[in-house]
Amino acid sequence: QRLDHAAAVVSQLEHKIGALEESSKRIFALGEGLQDLRDILKSPKLRGNMGEFFLEDLLRQILPADHYRTQHAFSSGEVVDAVIQIGDCKVCVDSKFPLESFVRLVQLPESDVEARRRERKAFAAAIKRHADSIAKKYIQPDQGTFDFALMYIPAENVYYETIIREDLLEEENALQSYLLSKRVIPVSPNSLYAYLQVIVLGLRGLRVESHARELAQDLQRLSGELARFDTEYSVLGKHLKNASSSYDEGTKRLDKFHLRLSS
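Here it is as structure tokens:
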């Protein structure tokens, strides 16, 4: 009986080991696929295209179609990834971001403090150069833009390293202050979502304001029509009064004529 029980246990173990081996093969295949994807995403242009795709998808989910455009071209020849139309002005959104330095930073071990410090400075310098480029290319009030632009950072962990981490900032909080001095506002997917919700509320307010102006114009036209009607009605009253007076005068003359005929 013990041998039979042991044989049954061994049979179950063989079955489970076979299933585990099959799962391991699938995990290995998935790992190879992820490595292939990682190799593909090494191309900065492809990563940029994916950033533009995710940005456009977020804009499409939240904003009305007539309040945003992608690949907007300026007269200078520069093309921004997206613009958000608010009233008569546009907010430019750039989705390209220097991820290479960030990748090098996160790959360094925490124990290598000096190397991480150097790479962190290089990362901050890359962000500043990118902010300079955004400010120069896309903040153009003479072409209908607001005097600020959005720097879209495509991942929350990158945004955390860029903005939230205190040790990324230099002695004078130079990175965040530098971005604000350039009027470039960094946004992550989550914070951009919040910004877009506020913009949607603003657009609704603009629509209400527009409808209120139209209503005021309609009331003004109605007031003018009422004034003209009042004038015409007064003239009609005068004509009716004159007609009534003429009728009374004619009636008196007719009565006198009847009296003469009777006499």
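Taking our numbering, the leading residue of the sequence shown gets 14, the next gets one more, and so forth.
Virtual Cβ for every residue (Gly too), placed ideally from N, Cα, C.
Quick caveat, the model's predicted, so the values are computed rather than measured.
C-beta atoms of residue i and residue j nearer than 8 Å
i: Ala168; j: Ile152; result: no
i: Val296; j: Lys103; result: For the chain, the structure presents residues 14 to 276; residue 296 sits outside this window and is missing.
i: Phe115; j: Val171; result: yes
i: Ile212; j: Ile99; result: yes
i: Ile140; j: Leu188; result: yes
i: Asp101; j: Gly157; result: yes
i: Tyr173; j: Leu71; result: no
Residue closest to residue i, alpha-carbon to alpha-carbon, out of the options
i: Asp160; options: Arg142, Gln189, Arg196, Ala21; result: Arg196
i: Tyr165; options: Asp125, Pro111, Glu127, Leu118; result: Pro111
i: Lys109; options: Gln120, Ser146, Ser247; result: Ser146
i: Ala137; options: Glu113, Leu267, Arg73; result: Glu113
i: Lys150; options: Leu121, Ala135, Glu127, Phe87; result: Phe87
Residue burial classification, residue i (beta-carbon count within 10 angstroms, cutoff 16)
i: Leu192; result: buried
i: Leu181; result: Low confidence applies to Leu181: its pLDDT is 48, below 50, so where it sits in the model is not reliable enough to give any reading.
i: Asp107; result: buried
i: Leu47; result: Note that Leu47 has pLDDT 46, beneath the 50 cutoff, so the model's placement of it is unreliable and the number below is only indicative. Leu47 is exposed by the Cβ-count criterion.
i: Leu249; result: exposed
i: Leu54; result: Confidence at Leu54 is low in this model, with a pLDDT of 47, below 50, so the placement of that residue is unreliable and no value is reported for it.
i: Ala148; result: buried
i: His18; result: exposed
i: Ala144; result: buried
i: His85; result: buried
i: Asp243; result: exposed
i: Leu125; result: For the record, residue 125 in the displayed sequence is Asp; it is not Leu. The residue is exposed, with fewer than 16 neighbouring Cβ atoms inside 10 Å.
i: Asp94; result: buried
i: Glu184; result: For Glu184, the pLDDT reaches just 48, beneath the cut-off of 50, and the residue's location in the model is therefore unreliable, leaving the point undetermined.
i: Ala21; result: exposed
i: Asp52; result: Unreliable positioning characterises Asp52 in this predicted model, as indicated by a pLDDT of 49, which lies under 50. The coordinate reading is nonetheless provided below. Exposed, by the Cβ-count rule.
i: Glu27; result: exposed
Start and end residues, beta strand (DSSP E) containing residue i
i: Lys103; result: 102 to 107
i: Leu118; result: It is not in any beta strand (DSSP E) - Leu118 instead sits in the alpha helix (DSSP H) that spans 112 to 120.
i: Ala78; result: Note, Ala78: premise wrong, no beta strand (DSSP E); not H, not E.
i: Glu159; result: According to the sequence shown, residue 159 is Phe rather than Glu. Unbroken beta strand (DSSP E) run through Phe159: 158 to 165.
i: Pro199; result: 197 to 200
i: Asp94; result: 92 to 99
Boundaries of the alpha helix (DSSP H) in which residue i is found, first to last residue
i: Asp145; result: 126 to 151
i: Leu173; result: According to the sequence displayed, residue 173 carries Tyr and not Leu. Tyr173 -> no alpha helix (DSSP H), and no H or E assigned at all.
Point to revise | Stretch-stretch touch, CB-based, cutoff 8 Å, three pairs: the region 66 to 75 with the region 191 to 209 | key: With contact defined as three or more Cβ pairs closer than 8 Å, the region 66 to 75 and the region 191 to 209 are in contact.
Check your understanding: On the three-pair Cβ rule with 8 Å, is the region 124 to 142 touching the region 68 to 86?
Key -> Judged by Cβ distances under 8 Å, the region 124 to 142 makes no contact with the region 68 to 86, as fewer than three pairs qualify.
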